[in-house]
Amino acid sequence: MKHHILTKLLTITMVLLVPVFGFSQNNQNFSIIEKLPPAPKPEPFIVKTIPTPKNVFETDLVNYLPDGKHIILEAHFVGKKKSDLAVMKDDGSGFKCLTCDLKEEIGDEMPVPLPDGKTVYSPRGILECSPSIANCKESRILPLEYPEIPGAKIVRRIATNMSPNGKHVATGLVTTRGYLVLVSELTRVSDEKGDRYELRNAKVVASSPNEADFAAFRPKIDGAGEVKSFADGGKSLINLALFESSNYDLAKIDLSTGNISRVTKHFSYDEGTYPSPDGKWLIFQTHRHTPRMDVFGLIPRPLIAGLPQAAGVSYQRNAEFEDNYKATRFYGLTMADNYGDRARLPEEGYTGINIMTDKEDAKLYNHLGNFAWHPSSTRGFFWEQKDPETVKEGELTGRLRFIEFTSRKPTKPLQKVFPDMKWATDLKDFKWTTATYPEQGTLKGKVSGYAEISTLKPAEGSSEEPRRVIKYVDFTDDGEYILNGTESSTLRAGGYDKPVSWDADIKVSGKHTGFLLAKNVKFRITSMSSGIIQAQLDKRNIEVDLAKGLPTGVPDVLR
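Just so we're aligned: 528 in full-length UniProt numbering is position 528 of the sequence shown, and the numbers increase by one with no gaps anywhere.
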């Protein structure tokens, strides 16, 4: 998905600062990797570029129509500021713009054709085509109205996703009181106000009820991040998650029970998620193919330690401060089976396969936008962004890629599911809660050991900020990584745009050996961060100077 810098910042900031993260869920220790079925063997695939019209310079968001023969794209035309939706056959022929004659603009996220073959969901409005999307002769865009939030106002919509059941919409909303993930029903309304769509009967599936254990210094963001994708025919919802400090992963919420399962465990940064229609495969955005984000998540630390730095860490994933309106994305795409990772280190088990293997991938091209599966789960589309520094005005900003898994036999999509979500709170009944972490106390390891937590307060009248200090004593949440040492971080009490200062001197023992060193690191979200971070784990040894940039995939090139 496409994210404006401020949008991403607001999402992460609100998720991390608002103390209502809980779900109706089990008490599983997600630091311990559960036993899962044997991993699948690698399979062959081919990738090729599909041509687009010469007057179209970008088609970064794409999806299949239910007929499996056509795709719908968000198209950007040369010389036109407004983006449009277009349809074409999946071989690149028969291109037709659906919204060029309409004044309204929709898009921003993957367009989702509804099962009727006539309607397209977008978070900015709903496109209706007659007699069908593929053979559209008349089109119009109807507005989409979001529900009112009790005790708060919507500041910004973040990511959304439409269920394959054609009814449920998941929405992440930043409000004046905090961040919510809602699942609502898309409803067409015609009355004296006119024709429109509304999101009705909303349920709060994240931020309700509050199950974070503040006294124990255990925040829960295991699913309360950005909305990524419905899965399992609409039975589940996959969201961005943080299980350990500075390690962005993916979590699945079972919408019938509220229970959480961890999808990815790798120490790198994972984000956008695209389950196959048959429920057997997951393709997701990641930085696993480069060492760009490795230093932040290599050493697993408790989540409380990284809360103040989370937004600043997230900003390192892209070239946010290159003065380019569309920052370079350094994402790749990994495919795993529906069980996800079997290990956090690739040498210890299955962590999926890289599907962007062209010689120019991770050098000149990176992933941007989404991935669109064919209904047979045998092939799909995605967009690769070309390095913006190499693109002149009016030129193609990337390439539309088609991938086919050549040894697969076609399958049918899972049966559509309409979970009742009785465990979740009705939005109309939702009440904001407040809570704070103690200034001092003890964080117990889930397996053994502990960490002493204290807060250093600045002198009265000082411009300095409070600083949380964490001292680890044989601390371990999984029994494999045992931490000793200290780290500290300012708490960003002055506002979300304030720099965060972080220091660390941590030794790792147990099944693995290593260390984490950070001295006078400054994470910023309005300019380049600074400071040197060193991390060593077994044979891996990483050192980065944030002021110089991070690895890009091109040897010896930092950005």
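From the three backbone atoms N, C-alpha and C, an ideal C-beta is built for every residue, glycine too. Quick caveat, the model's predicted, so the values are computed rather than measured.
Measuring alpha carbon to alpha carbon, tell me which residue in Ser190, Thr286, Lys103 and Asp67 is nearest Ser132.
Asp67
Tell me, which residues are paired with Val500 by DSSP?
Phe523
Let me check one thing: in DSSP terms, what residues is Pro438 bridge-paired to?
Pro438 is not bridged to any residue.
Quickly, what does DSSP pair Arg399 with across the bridge? List them, please.
Glu384
Nearest-angstrom Cα separation, counted from Asp358 out to Lys326
23 Å
When you compare each of Pro375, Lys471 and Arg317 to Pro277 by their alpha carbons, which one comes out closest?
Pro375
Below 8 Å between beta carbons: does that hold for Gly107 and Leu61?
yes
Which residues mark the beginning and the end of the alpha helix (DSSP H) in which Phe371 is found?
Per DSSP, Phe371 belongs to no alpha helix (DSSP H); it is in the beta strand (DSSP E), Tyr365 to Trp373.
Quick check on the burial criterion: 16 or more other C-beta atoms within 10 angstroms. Buried or exposed for Arg188?
exposed
Could you check if Val554 is buried or exposed, using at least 16 other CB atoms within 10 Å of its CB as the buried criterion?
exposed
Strictly by DSSP, which residues pair up with Thr455?
Arg468
Once the 5 residues before and after Tyr315 are set aside, which same chain residues still bring their CB inside 6 Å of it?
Ile525
If I'm right that Phe405 touches Glu43 with Cβ under 8 Å, what's the distance once you round it to whole angstroms?
6 Å
From what residue to what residue does the beta strand (DSSP E) around Ser246 run?
Looking at the DSSP string, Ser246 is not in any beta strand (DSSP E), and its letter there is neither H nor E.
Tyr339 in three-state terms, based on DSSP
coil
Run through the segment 151-185 for me and flag every whole beta strand (DSSP E) of 3 or more residues, listed as ranges in chain order.
154-162 and 168-175
Pick from Ile32, Asn27, Ser31 and Leu36: whose alpha carbon is nearest that of Asp337?
Leu36
In whole angstroms, what separates the C-alpha of Gly445 from that of Glu148?
41 Å
In whole angstroms, what is the alpha-carbon distance linking Leu414 and Thr433?
38 Å
Within a Cβ cutoff of 8 Å, which residues of the same chain sit near Lys69, ignoring the five residues on either side of it in sequence?
Lys89, Asp90 and Ala134
If I measure Cβ to Cβ from Pro115 and keep anything under 7 Å in the same chain, skipping five residues before and after, which residues do I get?
Pro66 and Gly166
Assign Ile238 to one of two classes, buried (16 or more other C-beta atoms within 10 Å of its C-beta) or exposed (fewer than that).
buried
Does Asn29 pass the burial test, meaning 16 or more other C-beta atoms within 10 Å, or should it be called exposed?
exposed
Considering Ser407, what are the terminal residues of the alpha helix (DSSP H) in which it resides?
Looking at the DSSP string, Ser407 is not in any alpha helix (DSSP H), and its letter there is neither H nor E.
Measure the Cβ-Cβ separation of Val205 and Ser246 and say whether it is below 8 Å.
no
Terminal residues of the continuous alpha helix (DSSP H) containing Leu303?
Leu303 to Gly306
Reduced DSSP secondary structure (H/G/I, E/B, other) of Val295:
helix
Taking 7 Å as the cut-off, does the CB of Val56 come closer than this to any heavy atom belonging to the ligand NAP?
No copy of the ligand NAP occurs in the structure displayed, which carries no ligand at all.
Taking 8 Å as the threshold, find out whether the segment 212-227 comes into contact with the segment 389-409 through three or more Cβ pairs.
no
Measuring CA to CA, which of Tyr248, Gly234 and Pro388 is closest to Leu255?
Gly234
Own chain, CB closer than 8 Å to Ile71, minus 5 neighbours either side, in chain order
Val62, Asn63, Tyr64, Leu65, Val87, Met88, Lys89, Asp90, Ala372 and Phe381
Reducing DSSP to helix, strand and coil, say where Ala518 ends up.
strand
Taking Ser407 as the reference, which of Trp423, Pro419, Lys431 and Thr378 has the closest Cα?
Thr378
Whole angstroms is fine: what's the gap from Ser527's alpha carbon to Tyr331's?
21 Å
If you run the structure through DSSP and keep just helix, strand and coil, what is Lys89?
strand
Residue closest to Arg467, alpha-carbon to alpha-carbon, out of Asn484, Trp502, Tyr450 and Thr476
Trp502
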